[in-house]
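Visitor: First residue of the sequence shown? That's 16 in our numbering, and the numbers climb one at a time after it.
Pasting a structure below so you can have a look.
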Amino acid sequence: MSKKVIFATGNAGKLEEIKMILSDLDIELLSMKEAGIEVDIVEDGTSFEENAMIKAKTIMELTGEITLADDSGLEVDYLNKEPGIYSARYMGENTPYNIKNKSIIDRLEGVEGQDRSARFVCVIAAVFPDGRAFTTRATIEGLIGYEEKGDNGFGYDPIVYIPEYNATTAQLTAQIKNTISHRGKALEQMKEILKKNYN
Ligand code: ITT
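Listed below in structure tokens is the structure:
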């Protein structure tokens with residue numbers, strides 16, 4: 016029988032990507048919703064690593080199952096790496112992303128070329144019932160666009176332009192985004208750790 020693993024996220028966009036990326040693992044992957052858990056986790060860490068661990072540990076303690084979590088965000092260099100760990104909360108959790116995205120574009124008015132550099136960061140945490148805990152981290156580098164482009168993905172995808180692909184991450188197919196993205200790469204690293212630590 017395959018191992019049960021809970022993924023501690025309430026973000027539907029993330030979950031869709033995560034399910035696709037982990038689909039080749041021999042596990043029964045359940046979202047918090049599918050596991051019947053509804054909790055509001057206070058993310059009061061000061062780094063992606065701390066917040067990912069807080070989420071994974073909280074849900075592992077509630078379920079007793081191996082739990083994974085994702086803490087991620089957008090770092091804009093010109094804005095001193097804002098919104099960073101506050102990416103979901105930037106301008107308020109319920110503010111639509113077209114408004115958040117416009118705000119970032121507006122704050123970069125007059126800024127050109129490489130000075131528009133930014134990256135998505137993703138940290139994946141895994142916590143086992145016996146207390147073993149691991150994190151992996153990956154990034155994808157890009158430039159903040161001048162307008163929103165693309166309808167795929169979620170969140171800040173329409174403004175993160177990847178020069179090598181001449182596209183924003185919202186213009187990439189899910190397959191391509193998952194191959195090159197912060198989340199795709201951090202989860203690939205985590206797959207290796209999981210395979211070694213199941214037993
Ligand atoms: P959970 O904590 O429930 O997983 P969340 O959305 O609150 O969901 P985070 O605190 O990790 O998660 O915030 C991540 C935010 O960073 C996310 O809401 C997006 O705004 C942004 N983000 C992360 N990865 C992204 C991606 O691949 N594409 C676009 N935006 C992304």
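Every residue gets a Cβ at the ideal spot worked out from N, C-alpha and C, and that includes glycine.
Quick caveat: nothing in here was measured; it's all calculated off a predicted structure.
How many angstroms separate the CA atom of K121 from the CA atom of F149?
Guide: Taking the sequence shown and counting its residues from 1, one reaches residue 121 at position 106. Taking the sequence shown and counting its residues from 1, one reaches residue 149 at position 134. At residue 121 the sequence reads Asp, which differs from the Lys that was named. Straight-line Cα distance between these residues: approximately 38 Å.
Visitor: Pairing CB atoms from the stretch 87 to 94 with CB atoms from the stretch 132 to 142, are three or more of them under 8 Å?
Guide: Yes: at least three Cβ pairs fall under 8 Å.
Visitor: Are the CB atoms of P173 and N116 within a distance shorter than 8 Å?
Guide: The residue labelled residue 116 in the question sits at position 101 within the sequence shown. The residue labelled residue 173 in the question sits at position 158 within the sequence shown. Against a cut-off of 8 Å, the Cβ pair of P173 and N116 comes out as a contact.
Visitor: Would you kindly work out how many angstroms separate the C-alpha atoms of I69 and P98, rounded to a whole number?
Guide: Walking along the sequence shown from the start, residue 69 turns up at place 54. Walking along the sequence shown from the start, residue 98 turns up at place 83. Taking the straight line joining both Cα atoms gives about 20 Å.
Visitor: Secondary structure at G28, three-state DSSP: helix, strand or coil?
Guide: For this step, residue 28 is matched to residue 13 along the sequence shown. The answer is helix: DSSP assigns G28 an H, G or I state.
Visitor: Helix, strand or coil for G157? Go by DSSP, reduced to three states.
Guide: Position 142 of the sequence shown, counted from the first residue, corresponds to residue 157. In this structure, G157 counts as strand in the three-state DSSP scheme.
Visitor: Across which residues does DSSP place L89 in a beta bridge pair?
Guide: Start at 1 with the first residue of the sequence shown, and residue 89 comes out as number 74. BP columns for L89 point to F135.
Visitor: With C-beta atoms as the reference, is A140 less than 8 Å away from H197?
Guide: Within the sequence shown, residue 140 is the residue found at index 125, counting from 1. Within the sequence shown, residue 197 is the residue found at index 182, counting from 1. No.
Visitor: Checking 8 Å against the spacing of the C-beta atoms, do A27 and A84 come in under that value?
Guide: As a working mapping, residue 27 is identified with position 12 in the sequence shown. As a working mapping, residue 84 is identified with position 69 in the sequence shown. No. Outside cutoff.
Visitor: Distance check for M47 and M75, CA to CA, integer angstroms please.
Guide: Counted from its first residue, the sequence shown places residue 75 at position 60. Counted from its first residue, the sequence shown places residue 47 at position 32. The alpha-carbon atoms of M75 and M47 are separated by roughly 11 Å.
Visitor: Using C-beta distances below 6 Å, list every residue in its chain close to S9, excluding the 5 sequence neighbours before and after it, in chain order.
Guide: This structure leaves residue 9 out entirely; the chain is present only between 16 and 214.
Visitor: Round the Cβ separation of I36 and L209 to the nearest angstrom and send it over; I've been treating them as touching at under 8 Å.
Guide: By one-based count along the sequence shown, residue 36 stands at place 21. By one-based count along the sequence shown, residue 209 stands at place 194. In fact, because the Cβ distance is near 12 Å, the residues do not count as touching under 8 Å.
Visitor: Determine the closest residue to Y105 out of Y171, V142, E65, with distance taken between C-alpha atoms.
Guide: One-based indexing of the sequence shown puts residue 105 at position 90. It is Y171 whose Cα lies nearest to the Cα of Y105.
Visitor: Applying the criterion that 16 or more other CB atoms from any shown protein chain within 10 Å of the CB defines a buried residue, is T82 buried or exposed?
Guide: For the purposes of this step, residue 82 is identified with residue 67 of the sequence shown, where counting begins at 1. T82 is buried by the Cβ-count criterion.
Visitor: Can you tell me where the beta strand (DSSP E) holding E43 begins and where it ends?
Guide: Reading the sequence shown from its first residue, position 28 is the one you call residue 43. 42 to 46 is the extent of the beta strand (DSSP E) around E43.
Visitor: Could you give the distance in angstroms between the alpha-carbon of N193 and the alpha-carbon of G157?
Guide: For the purposes of this step, residue 193 is identified with residue 178 of the sequence shown, where counting begins at 1. For the purposes of this step, residue 157 is identified with residue 142 of the sequence shown, where counting begins at 1. Each residue's alpha carbon lies about 15 Å from the other.
Visitor: Mind checking which residues open and close the alpha helix (DSSP H) that includes M63?
Guide: Stepping through the sequence shown from its first residue, residue 63 is reached at position 48. At residue 63 the sequence reads Phe, which differs from the Met that was named. Per DSSP, F63 belongs to the alpha helix (DSSP H) from 63 to 78.
Visitor: Identify, in the order they occur along the chain, each residue of the same chain with its Cβ nearer than 8 Å to the Cβ of Y101, setting aside the five sequence neighbours on each side.
Guide: Taking the sequence shown and counting its residues from 1, one reaches residue 101 at position 86. Only G88 meet the Cβ criterion.
Visitor: Span of the alpha helix (DSSP H) holding K206?
Guide: Sequence index remark: in the sequence shown, residue 206 carries index 191 (1-based). Taken as a continuous stretch (DSSP letters only), the alpha helix (DSSP H) holding K206 covers 197 to 212.
Visitor: Quick check on P173: does DSSP put it in helix, strand or coil?
Guide: Numbered from its first residue, the sequence shown carries residue 173 at position 158. Here P173 sits in helix by DSSP.
Visitor: Does the Cβ of K200 have 16 or more other Cβ atoms within 10 Å, making it buried, or fewer, making it exposed?
Guide: Stepping through the sequence shown from its first residue, residue 200 is reached at position 185. So K200 ends up on the buried side.
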